[in-house]
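Take a look at the structure below.
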Amino acid sequence: MTQDTGKDLAEGPAASTRAVLAERVPLRRVILAALSVLIVVGVTYASWRTLTLPAAEGRLDGTTWRNLVVLGIAQGSIYALIALGYSLVYGILLMINFAHGEVFMAGAFTSFFVAAPLESSGFLDRNFVVSILLLMLVSMAASTLVAVLLERIAYRPLRNAPRLVPLITAVGASLFLQNTFRGFFGPQTRGYPSFNQLEGTWTILGIQVLRTQALVIVTAAVAMVALSLFVARTKTGRSMRAVAEDKEIAGLMGINVDRIIVLTFAIGGMLAGIAGVLFALVFGQVSAFMGFVPGIKAFTAAVLGGIGSIAGAAIGGLILGLLESVVPFLLLKGVHVPSPNQLKDVIAFAILVLVLVFRPGGILGTGEPEKEGMT
Amino acid sequence: VTGSELLRRAAKAGLIGGTVVIYLALVGMIEKFDVRYLVGSTVTLGKLLMALPVAMAGYLTVRPRIRAGRVELAPPREAVVAGLLCGVVAGGLIAAGVAVVHLFPDGAVRNVFISVSPTLLDIMTFGQSLPVAALVLTVGGALLGGLGAGLRVTPERYRRPLLTALSVTLLFALLQRIIPIMLYQLNLDSTWLYSTITGGLTVVGAVVVFAVSAAVSGWWSLRGRNVRQRVRGLPQRQRLTLRMAGLGAAAVILMVLPALIGSVLSQILGTVGIYVLMGLGLNIVVGYAGLLDLGYVAFFAAGAYTIALFTGANVVTSLGAAVPPAFSLHLGFYLAVPVVIMVAAFIGLLIGAPVLRLRGDYLAIVTLGFGEIARVLVTSDWLKSFLGGAQGLRDVTDAPVGPLGFRNPEPFYYLVLAFCALAMFVSWRLANSRIGRGWNAMREDELAAEVTGVSSVTYKLLAFAMGAGIGCLAGTLFAVKIGSLAPTSFDILVSITALAVVVLGGMGSIPGVVVGALVLIGLPGLLTEFEEYRLLLYGAVLIAIMILRPQGLIPNVRRMRELHEEELEQDRWLREQEGTGLTIAGGGGGSS
């Protein structure tokens with residue numbers, strides 16, 4: 001770029017004004033501005049078309065919208081729980097743990113093998129709270145184990161390698177874990193038992209909420225509050241923040257960096273385990289390949305909120321969940337795109353790209369995806 | 376190495392070896408691979424999978440450690456004892472695993488771990504009762520571990536021929552679907568080498584292969600240096616002639632290969648060729664420019680769908696009828712290919728432009744997102760009238776030259792070969808061009824490159840466009856090969872397979888791509904039971920290569936030289952340190 005400007009300067013005064021202008025208003029800015037205007041206009045137009053759709057052409061009524069919003073929040077809470085795993089690890093190692101979706105899958109899939117006998121023995125319906133807690137515990141244990149093994153075997157030897165190297169390893173680990181579970185437990189999708197107590201709806205503040213969704217939202221909220229308290233208040237939490245700030249200095253201050261890193265992976269695994277059970281309860285099925293798409297979505301959520309930040313992961317998850325459930329209908333119904341729900345994933349990834357283009361640091365970030373402390 | 380430390384290491388290695396065997400059993404590989412006979416009627420691939428980890432654990436237990444600049448090798452007797460112990464631990468662990476399964480009622484374990492079938496237990500207990508099997512496993516493990524350790528402490532002069540001979544014999548056994556057919560086509564008798572009943576090597580054949588390869592390898596390790604020196608000493612002209620002769624021989628072999636191996640194997644080679652093309656394209660992006668692209672399937676799909684649309688393929692309606700899509704041209708294949716390349720390069724620019732300023736790992740995820748977007752779009756009902764939705768497109772051209780089509784395996788092999796040769800030439804010229812050096816500089820240090828006048832924006836976009844241009848050819852040929860497109864062929868696994876091909880061979884290395892594709896695509900094609908574990912293998916390859924040998928199997932020459940220089944530098948430094956009488960104490964205390 002610089003040498004271009006130099007050449008222009010040498011060509012004469014007219015060229016130099018052009019160069020100055022080019023420096024003040026870089027092409028990138030112009031393109032970005034045009035792009036954002038385009039997006040705003042497009043979104044406004046499409047939403048307006050959808051909202052003013054004649055009833056005969058399938059305009060969505062208020063209840064449908066409300067349901068979509070609740071669904072989005074429930075979905076978003078699960079994303080948020082998984083996103084925390086990405087965010088915590090990224091905050092400390094500056095590395096995308098691409099296999100985190102598989103950590104989530106490991107918990108959900110393993111808990112199935114406890115849930116199925118519990119259901120057939122009738123225990124599940126008799127002791128609702130105990131069974132839920134038991135399932136969570138099993139799922140958390142499995143996910144934590146996988147996360148810790150992953151760190152120990154695949155990531156620790158590469159801690160000082162160039163950045164692409166651990167990322168490629170993580171992609172490999174993701175594939176490896178998927179197919180390991182496929183080999184262990186079989187390729188078929190298994191139906192997750194459902195709880196009698198979770199069928200039907202509750203009416204909260206005048207809105208009918210599916211009981212499963214309510215459980216998901218409450219559990220996720222509790223887990224996230226617990227995590228923020230842990231990181232903010234405890235000594236270990238302080239060590240985690242110190243390691244995120246600077247590994248070497250933290251080590252000099254007497255913090256066992258390896259232990260903190262393992263702990264971070266373990267906490268990420270636990271949250272993913274909780275998310276696993278919730279996901280299985282909502283969708284009623286588990287399989288070895290269930291982790292991939294939620295994993296990518298959760299990463300998107302983490303980036304959206306500002307990777308490395310706990311509050312960011314929560315906000316990013318909720319926003320992504322909401323956008324994903326509402327936007328396909330809001331934007332595509334009105335312009336007569338058939339089966340808008342199919343394009344849900346496109347929306348999620350388009351959001352990821354747009355966030356990275358316009359605000360790489362995410363909503364709570366500073367605008368650049370540079371290293372920040374854990375907040 | 377102190378005795379107790381060696382024993383501790385042996386126990387640890389034994390535990391790892393045993394765990395690996397149990398893992399292989401649980402994931403189902405041992406049972407599935409037990410039907411593939413390698414040598415005689417006893418050595419199957421499944422048995423080998425049980426034995427190899429244990430022997431490897433023994434081998435690795437006593438591998439020399441470098442401490443304070445000195446190579447420490449355990450004395451032979453202690454090493455063998457350590458190997459024995461390692462094997463006992465591994466065998467004991469496996470036996471314990473089998474015993475645990477026996478503790479549960481019949482079939483209870485199988486309800487969870489679907490691979491723990493009676494057949495598997497039969498294989499792992501050698502059809503014996505549990506106590507006998509435990510004894511056999513432990514003693515056998517000890518022998519294998521001891522053997523591995525013994526091999527490691529054998530002097531280099533004998534070890535190298537032995538290892539080479541073992542690998543060559545294994546290779547012959549694994550290529551059992553290819554070599555007998557070649558021998559048959561050459562009118563040679565192969566029944567003494569390969570059994571017609573089991574398909575594997577006969578005992579005699581295995582012994583002969585082993586002996587011959589050991590002898591050749593032994594001769595080479597004695598004389599190889601002289602031969603190499605003689606060749607190096609030849610005048611320039613003769614060396615060139617020699618190289619040309621080698622290349623010519625390789626070309627002739629490649630040309631007659633389909634006639635030798637028949638149509639089934641030609642088809643496998645065709646698939647390998649498609650992945651070579653894709654690997655070459657991805658190699659430009661990942662290897663040359665250092666940009667990790669996980670959405671490479673987007674270009675594969677772009678190549679396949681654009682060639683289909685430009686040459687008049689039809690959309691399949693839900694009733695099964697074929698109608699032309701909403702946009703359709705009727706160009707000839709060879710006229711359409713340049714257009715397809717341009718379209719793909721343009722898509723490459725579109726994908727590259729918004730992510731230019733992102734750091735490596737973000738870039739990977741965004742490209743992954745683009746790959747998923749491509750998949751969803753080709754499946755969607757929205758673009759159904761253009762791309763056929765879930766039913767896909769049919770009646771794709773077979774790239775005719777006059778009356779000749781290229782859909783059948785043998786002709787297709789030549790088509791793919793021609794495209795691969797072209798793509799290789801382009802990659803090779805690019806690597807040594809100004810652009811290639813620019814990529815190199817950018818990959819090593821973006822800031823420094825920018826300062827010396829390599830505009831990272833331009834060069835990144837160039838990499839994306841050129842990688843896309845080559846990678847889309849893979850999609851184009853894929854479309855020609857199968858004649859109809861289904862969106863299920865374009866998922867993320869294509870991207871990851873291509874990445875594994877590039878990574879295994881060595882990022883930035885053109886021969887590496889070929890070897891990577893041969894191993895990762897060709898081998899599972901040859902041994903059908905690998906097919907189910909292909910993806911597991913890819914995952915393991917990605918992890919193992921990155922940890923053990925990040926430069927890949929056949930590294931890029933420039934990078935290898937860099938690495939080598941560093942090592943030499945280090946050796947010289949250590950020698951100087953010893954020369955001055957300094958001792959380097961501690962040896963990395965605290966780090967484990």
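Quick mapping for you: the protein sequence lines, in order, are chains A and B.
Quick note: the first sequence uses my numbering, first residue 1, plus one each step.
Quick note: the second sequence uses my numbering, first residue 376, plus one each step.
Built from N, CA and C at the ideal position, the CB exists for glycine as well.
These figures come from a predicted structure and were not determined experimentally.
Interface flag, residue i vs chain B, CB-CB below 8 Å
i, result
"residue 342(A)", "yes"
"residue 124(A)", "no"
"residue 294(A)", "no"
"residue 163(A)", "yes"
"residue 143(A)", "no"
"residue 147(A)", "no"
"residue 61(A)", "no"
"residue 169(A)", "yes"
"residue 328(A)", "no"
"residue 154(A)", "yes"
"residue 338(A)", "yes"
"residue 53(A)", "no"
"residue 362(A)", "no"
Residue i classed as buried or exposed, judged by whether at least 16 other C-beta atoms fall within 10 angstroms
i, result
"residue 378(B)", "exposed"
"residue 820(B)", "exposed"
"residue 248(A)", "exposed"
"residue 640(B)", "buried"
"residue 616(B)", "exposed"
"residue 834(B)", "buried"
"residue 572(B)", "exposed"
"residue 566(B)", "exposed"
"residue 48(A)", "exposed"
"residue 380(B)", "exposed"
"residue 203(A)", "exposed"
Selection from the options that minimises the alpha carbon distance to residue i
i, options, result
"residue 673(B)", "612(B), 750(B), 868(B)", "750(B)"
"residue 292(A)", "254(A), 345(A), 311(A)", "345(A)"
"residue 63(A)", "362(A), 266(A), 326(A), 338(A)", "326(A)"
"residue 723(B)", "678(B), 710(B), 766(B), 693(B)", "678(B)"
"residue 311(A)", "69(A), 39(A), 52(A), 85(A)", "85(A)"
"residue 147(A)", "97(A), 122(A), 230(A)", "97(A)"
"residue 784(B)", "776(B), 857(B), 778(B), 815(B)", "857(B)"
"residue 208(A)", "352(A), 68(A), 321(A), 36(A)", "68(A)"
"residue 879(B)", "892(B), 595(B), 559(B)", "892(B)"
"residue 811(B)", "874(B), 775(B), 931(B), 896(B)", "931(B)"
"residue 309(A)", "176(A), 106(A), 363(A), 32(A)", "363(A)"
Short CB-CB distance (under 8 Å) between residue i and chain A
i, result
"residue 499(B)", "no"
"residue 457(B)", "no"
"residue 896(B)", "no"
"residue 961(B)", "Legend: pLDDT at residue 961(B) = 39, less than 50; position of this residue unreliable, value from coordinates given subsequently. Taking Cβ atoms only, chain A never reaches closer than 8 Å to residue 961(B), which makes this a no."
"residue 929(B)", "no"
"residue 675(B)", "no"
Residue range of the unbroken beta strand (DSSP E) whose run includes residue i
i, result
"residue 208(A)", "207-210"
"residue 447(B)", "445-447"
"residue 486(B)", "Segment 483-487 is the alpha helix (DSSP H) holding residue 486(B); no beta strand (DSSP E) there."
"residue 441(B)", "440-442"
"residue 153(A)", "Counting along the chain, residue 153(A) falls outside any beta strand (DSSP E), and DSSP gives it neither H nor E."
"residue 413(B)", "412-414"
Start and end residues, alpha helix (DSSP H) containing residue i
i, result
"residue 587(B)", "578-608"
"residue 569(B)", "Premise fails: residue 569(B) is in no alpha helix (DSSP H) and is neither H nor E."
"residue 347(A)", "344-358"
"residue 814(B)", "809-819"
"residue 204(A)", "That residue, residue 204(A), is in no alpha helix (DSSP H); its beta strand (DSSP E) goes 201-204."
Whole-Å CB distance - residue i paired with residue j, under 8 Å assumed
i, j, result
"residue 409(B)", "residue 392(B)", "At roughly 19 Å, the Cβ-Cβ gap does not stay under 8 Å, so residue 409(B) and residue 392(B) are not in contact."
"residue 459(B)", "residue 415(B)", "Incorrect: roughly 26 Å between the Cβ atoms, too far for contact."
"residue 670(B)", "residue 577(B)", "Going by Cβ atoms, the distance from residue 670(B) to residue 577(B) rounds to 48 Å, so no, they are not a contact pair."
"residue 802(B)", "residue 659(B)", "6 Å"
Distance cut-off 7 Å: residue i Cβ against heavy atoms of the ligand ZN
i, result
"residue 171(A)", "Questions concerning the ligand ZN fall outside what the structure shown contains, since it holds no ligand whatsoever."
Any C-beta of chain C under 8 Å from that of residue i
i, result
"residue 128(A)", "Included in the structure are the protein chains A and B, with no chain C among them."
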